[in-house]
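Just so you know, the protein sequences line up as chains G and A, in that order. Counting from 0, one number per residue, gives the positions in the first sequence under numbering that gives the first Met the number 0. Counting from 0, one number per residue, gives the positions in the second sequence under numbering that gives the first Met the number 0. Below is one structure; the comments refer to it alone.
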Amino acid sequence: MEISLIGNSQVNLGRAIDVGFCNFSKNLNSKIFNVKNNSKTCNFVQSQSLEWKSKSVCGFTLTASATAHTEAAVISERGSRNSRTKPTNGVKLYVGLPLDAVSGCNAVNHTRAIAAGLKALKLLGVDGVELPVWWGIAEKEESGKYDWTGYLVLAEMVQKLGLKLHVSLCFHASKDAKIPLPDWVSRIGESQPDIYFTDRSGQRFKDCLSLAVDDLPVLDGKTPIDAYTEFCESFKASFSPFIGSTITGISIGLGPDGELRYPSHHHPSKKNGLRGAGEFQCYDKYMLENLKQYAETYGNPLWGLGGPHDAPGYDQSPMSSSFFSEHGGSWEMPYGDFFLSWYSSQLISHGDRILSVAASTFEDTKIIVSGKVPLMHSWYRTRSHPSEITAGFYNTANRDGYEAIAEIFSRNSCKIILPGMDLSEDEPNESRSSPELLLAQIASSCGKHSVQISGENSIVSGTPRGFEQIKKNLVDQNVVDLFTYQRMGAYFFSPEHFPLYTKFIWSLNQANLHSDDLRTEEEETAVSLAEIQRLMESAFVVGHWGLHSTE
Amino acid sequence: MSTAVISPLFRHPHRYGGGHRPTPKFHLNSRKARPFYLNYTQSSRLMFNGACSLSSRHFKPAKTLCLRASSTDIAVVETSESSDVFFRETFQLKRPEKVEGKITIRLESGKDAENWQLTVGCNLLGKWILHWGVNYIGDVGSEWDQPPPFMRPPGSVPIKDYAIETPLEKSLASEGESIYEVKVDFNTNSSIAAINFVLKDEETGSWYQHKGRDFKLPLIDYLQDDGNIVGPKKGLGIWPGSLGQISNTLLKPEAANSKEDIGELSFQKRGLQGFYEEQAVVKETLVDNSVSVSVRHCLETAKNLLYIETDLPGDVIVHWGICKDEGKTWEIPSKPYPPETSIFKDKALRTLLQRKDGGHGSLGSFILDEGFVVFVFVLKLNENTWLNCHGNDFYIPLSSFSDPAIHSGQTHSEDEGQHKESSPLGISGNASEENQEVSAYTDDIINEIRSLVTDISSEKSRKTKSKKAQESILQEIEKLAAEAYSIFRSSIPTFIETDLAKDEALEPPVKISSGTGSGFEILCQGFNWESHKSGKWYMELHEKASKLASLGFTVIWLPPPTDSVSPEGYMPRDLFNLNSRYGNIDELKALVKEFHKVGIRVLGDVVLNHRCAQSKNQNGIWNIFGGRLNWDDRAVVADDPHFQGRGNKSSGDNFHAAPNIDHSQEFVRRDIKEWLQWLREEIGYDGWRLDFVRGFWGGYVKDYLEATEPHFAVGEYWDSLSYTYGEMDHNQDAHRQRIIDWINATNGTAGAFDVTTKGILHSALERCEYWRLSDEKGKPPGVVGWWPSRAVTFIENHDTGSTQGHWRFPGGKEIQGYAYILTHPGTPSVFHDHIFSKYQSEISTLLSIRNRNKINCRSTVKIVKAERDVYAAMIDEKLAMKIGPGHYDPSNGSRNWSLAAEGRDYKVWEAS
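Now the structure itself:
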């Protein structure tokens, strides 16, 4: 005898919620046949005009058991015990939260989606999430007036689920997510556009402040460094209950998209890498002054009048003009060396300044501070490395540009975050790029200076190939100890993508299970079963809650 | 006795509609003979159907049970005296019945000039729901919004955040017939620009749309009219929208077309006029009937006596046979047969049941010798409707002595399998009402992840328990992910407000749909009208495969592969014989393999409209088919006198040279699906080019495509453009609408050749009338202007050009044509003869420009000039192009343009 319940999305939870189920089945037993004896699979036909007398009983029971387990869910935050989450080599797995997780008016966007998403990630065995905290949101209205409410709500959600939190302090704006710089900063920018990076043709890059104004009192008497410092202090004070427990790391914004670089490309990069080399960004008033001074000190004031005259435009092929020519290009000439040394040293001192702000602010906590370095892999296979050069990395066939970078991270005891873990060599390659070689070079510089690396992916492409590459970097190459997958959102959870991600996580965890099994198989099984039981309980609460909210 | 449900309603709620209906009904059979019979009673309205939603054939007399509602609470057990009846069963039948009715739309002013009332009604029985939303003034795009609360009539339910569903209330119309109506009050001072709605019948899940789109009632003047506006000035055409179900709309928003092309609104208030309109509507409902079968063994005569009784109205023919063993081979028993029995093709018998005296229903009895194991039958109604049991024949066991397990054979063991599985039970208060999106999603990927877990688990030979637990965790993860997905997705519009073009990093994932492929497809038609002549075309193409790949093609369309009366293949005969004038089946397989190797997908040219017979019927008419699909005249449409078909009337136009196939017959569709699936598996075809789809309803194409899940499919819907006094009309909207309608009927599962564009290019190029290339709204005038993702643009094919030349593209202007289609949205198709001609290098350049700039079927096109002697457009802001002798130069904008291709009367520039 069989009865079937269609549309049941909670099959198999029976064990975890014995109480609720038993009531229900007994209820039925008394009225229908001996369901249990004949069949352990009991399904119930439910249809609109079919009114179960017992339906209300069923609903009630569900609610009761859900309530009873709410506490269990909260308790199960001690998820770190969950041994499934640690791959053998100890790479921690994080997922980035949506860029716009907190809205401009400090409300949490798509709360329910994030809540469900976090739970899914928790069950999947992910360690934590990355949360972008925007200057333009937390200090939106006026200088020194902070509002952390939205972020605090999120931190609490994350904490309740026993996940870890990595906070990215973003001092830039994001076009993708429509998050601007703070209003008060933008207002200043209106009257003093030279606080922004500027290119040869005078275009301003208004998504972050020029590194040349770091120490200048351009923000109503405050320097940007002051503003960043106070922001960090306020963050630290407001999030003190989470710091060191839930919040285990922060990364500090170093420039465009948070990365340590010049905004040498004004438009987001194309999917398959940059076609052009980008342009030098040394044309705001302060950069030019700085360059002039440097040239005078150097003894060749004529070189300080502007940037290279023979550099190509944004999307032009770097080989189309003489600056980056493979042989005898200006970059190899004394002028080129003069300019590039200055240009790159400006970026390095900027990085050093900001990292030391963050390092000293969080010195007395357990928080690890990181900064992001871009993977400017286009044109890596040329001698002049044009993409890296315009972005501020004086890394050519003749010179290692990443030693100095690794050094400032090392000096401030900071970690480097490297994107591009998913990029592999034979992507469509018009621009002679090589993400893998560049990654190896940076990793080796970091190794020399004992700087740890966290990885990120660049593209949410959701191809099995991308995941293979990540896995290779994580497991085989063993370059990183933490990997943040970017980023949660509709596509992340879509049927095209999520199964691949799940597969990826499982394949990473598999290695771990092997080694655990070798140790104490019996015990391990028992432990993980208990763990699973608890997770299922909490999942049930989630599911129940979710069911009603989708009505 | 148990009751079987014939239609698998519960398993596929959206096939029959979103509503979950209580189909199982409990029929009391009042006939005297009653086997072991248990009366179960229950005071509530609990309905219960034995094991039957899972097993329709549960033939265990001793254990079968019947429930019926009664007011007592005592279970009664009866045993029957006449123990000779060893089988009795009532099968539920679903008989399709069409009802005609009308939808009424009335707009009238209320208490003053500002208050108006919209009334939507329908006079058909049903659980009607108005699914509606509004556009506000200033809205960009055509997404619906929810109306303000004061507009919502009582009983309205919000659907997500964009629509409202309001049930229609039953009221009495003037003639005394009942009508379902809903009234929506609104005020013209509110900032509402339009009211959009569709009608939905909850009972059947059908959607009733307007010309395949939403009904739209504009409250302000639109600059653009997408043809779906209702109101005084417009005609209406109603589509019974059983095609566009909500699940599809939700799951594949891009498959539902209606929201693609609505442009800007003007903000001028519209002087509202009251109106009243009626539209005919046809609703197909399934009527419940049943058939009861009982078998009695007569000891004296050693024969079995089988009774069939049904309440089906009209003449009912039992199409039946006998099986001697468990194998399902039908045989004909020896005589005598019941009255009104005829032999059908030596395989089956057809017996007309006798009408019952009361006039309702029929019955018949069959005397059968011992020794037969199973009586098999299907029911045929007069109007050529066939009824069967879950898609199978009805199987009635004829032996009471053999082990009952044999009869219920498979079913029984399946049940046991399920018992053993002992999956933990779950309950869920209202899970069945959960939105389909989630469950469909879950179904999709749960399996994948499950198999993955199984892999992992088995690899590690973990304990079953733990495996099970992991599986349930994964299910939870799935469910949560699905939920997160649906919420995130519905909130996307607020996230990305403006130009998507900029954030290329967020480029949406490539979605494969049979209507569009990847969206970046470029077709090559890989043959011409002469290709059969060499007898080894497959081998010749083999040599060209890598060349075609290097040119940038992603899909090749191969000639029709079947045995055919005409050498070109378009008069197919034996569908399963793939030896043709183009080569044999092995060469074909090798060719497909080669194309796959070079990265090109292969379309099979399938002729589904007609098929040539292999023998004549008794009247000397060629309508009896041969080969594996040995259909007879039942498979031929009835309305072509040449072929004396006994099927239904054609659902489309007739092709008069061969018998047209009646796709409304289920057995025909089943066979065609099987054939297409065989082609997919055996040959490796990735998709279809569907010949002459004007000949049958697009809904059947949808059925075929869903069964075969091709990567890409395109239909040939070729009819004539509009001409006035021999000159082509500028406005070819009616022509393209017919093609769009067909695509719509396929629910967007197939694209269609853009015949409109070809026709307009003819006039424009031949007569130097380039102004024709922009329609009145500044969009491309062909199908590509209205539904670009489903338009397959072409300038020539084997019929129009080649040695037939039915409608040849203006000579010498072919490259202009290609400069148009290869730079524009839609999926372009290039003709073989043009590729292997002097044009190759120019075509090659245009192909690489298209690929390099990632122009795809959904690219946006902005027409810059459409004048007498020049047409110019920008595509995705990446390309600029012009055709025609006139002058055009894009380089006055902010962008730098570099010339990428140039030739006689055309130029293409790329943004640099």
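Ideal Cβ placement from N, Cα and C applies to all residues, glycine included.
For residue i, the nearest candidate out of the options (CA to CA)
i                        : options                                   : result
asparagine 796 (chain A) : A:Gln736, A:Glu88 and A:His833            : A:His833
serine 185 (chain G)     : G:Val217, G:Thr228 and G:Leu168           : G:Val217
tryptophan 770 (chain A) : A:Ser291, A:Gly137, A:Val863 and A:Ala483 : A:Val863
serine 200 (chain G)     : G:Gly277, G:Trp378 and G:Pro385           : G:Gly277
isoleucine 820 (chain A) : A:Gly810, A:Ile854 and A:Asp213           : A:Ile854
leucine 422 (chain G)    : G:Ile469, G:Gln280, G:Ser359 and G:Thr245 : G:Ile469
lysine 101 (chain A)     : A:Glu180, A:Val294, A:Ser291 and A:Asp585 : A:Glu180
tyrosine 342 (chain G)   : G:Gly400, G:Ser190 and G:Trp133           : G:Gly400
leucine 569 (chain G)    : G:Cys413, G:Arg380, G:Pro494 and G:Tyr484 : What is shown of chain G runs 0 to 550, which leaves residue 569 (chain G) out entirely.
For residue i, the three-state DSSP class (helix, strand or coil)
i                        : result
histidine 609 (chain A)  : strand
glutamate 180 (chain A)  : strand
cysteine 445 (chain G)   : helix
valine 564 (chain A)     : coil
proline 153 (chain A)    : coil
arginine 771 (chain A)   : helix
asparagine 796 (chain A) : coil
Cutoff 6 Å; reference residue i; Cβ partners in own chain excluding five residues on either side
i                           : result
alanine 294 (chain G)       : Pro300, Trp302 and Gly303
lysine 906 (chain A)        : Lys881
serine 233 (chain G)        : Tyr145
tyrosine 699 (chain A)      : His662
aspartate 562 (chain A)     : Arg572, Asp573 and Asn576
phenylalanine 343 (chain A) : Arg349
Own chain residues within Cβ distance below 8 Å of residue i, not counting five before or after
i                       : result
aspartate 904 (chain A) : Lys812, Gln815, Ile882, Gly883 and Pro884
aspartate 351 (chain G) : Ile407, Arg410 and Asn411
glutamate 496 (chain A) : Any reading at glutamate 496 (chain A) must be qualified, since the residue scores a pLDDT of 33, below 50, and its modelled position is unreliable; the value itself is stated next. Nothing listed; no residue qualifies.
Distance, residue j Cα to residue i Cα
i                        : j                        : result
serine 453 (chain G)     : valine 478 (chain G)     : 8 Å
leucine 772 (chain A)    : tryptophan 621 (chain A) : 46 Å
aspartate 200 (chain A)  : isoleucine 128 (chain A) : 6 Å
valine 372 (chain G)     : serine 250 (chain G)     : 11 Å
serine 545 (chain A)     : histidine 595 (chain A)  : 10 Å
valine 782 (chain A)     : aspartate 690 (chain A)  : 18 Å
isoleucine 113 (chain G) : lysine 121 (chain G)     : 12 Å
aspartate 516 (chain G)  : glutamine 469 (chain A)  : Note that aspartate 516 (chain G) scores a pLDDT of 41, beneath 50, so its modelled location is shaky and nothing firm can be said.
asparagine 653 (chain A) : aspartate 661 (chain A)  : 11 Å
lysine 648 (chain A)     : leucine 378 (chain A)    : 21 Å
asparagine 186 (chain A) : threonine 118 (chain A)  : 14 Å
glycine 103 (chain G)    : valine 152 (chain G)     : 15 Å
proline 181 (chain G)    : threonine 222 (chain G)  : 15 Å
valine 84 (chain A)      : threonine 300 (chain A)  : 15 Å
methionine 332 (chain G) : leucine 290 (chain G)    : 18 Å
serine 449 (chain G)     : glycine 370 (chain G)    : 15 Å
Beta bridge counterpart(s) of residue i as assigned by DSSP
i                       : result
lysine 414 (chain G)    : G:Ser369
leucine 351 (chain A)   : A:Ile316
glutamine 116 (chain A) : A:Glu107 and A:Asp184
arginine 295 (chain A)  : A:Val84 and A:Leu304
valine 375 (chain A)    : A:Gly320 and A:Tyr394
cysteine 856 (chain A)  : DSSP, once it has assigned bridges, lists no residue as partnering cysteine 856 (chain A).
Nonlocal neighbours in the same chain, by C-beta distance under 7 Å from residue i, ignoring five residues either side
i                    : result
serine 579 (chain A) : Pro560, Thr561, Asp562, Ser563 and Gly568
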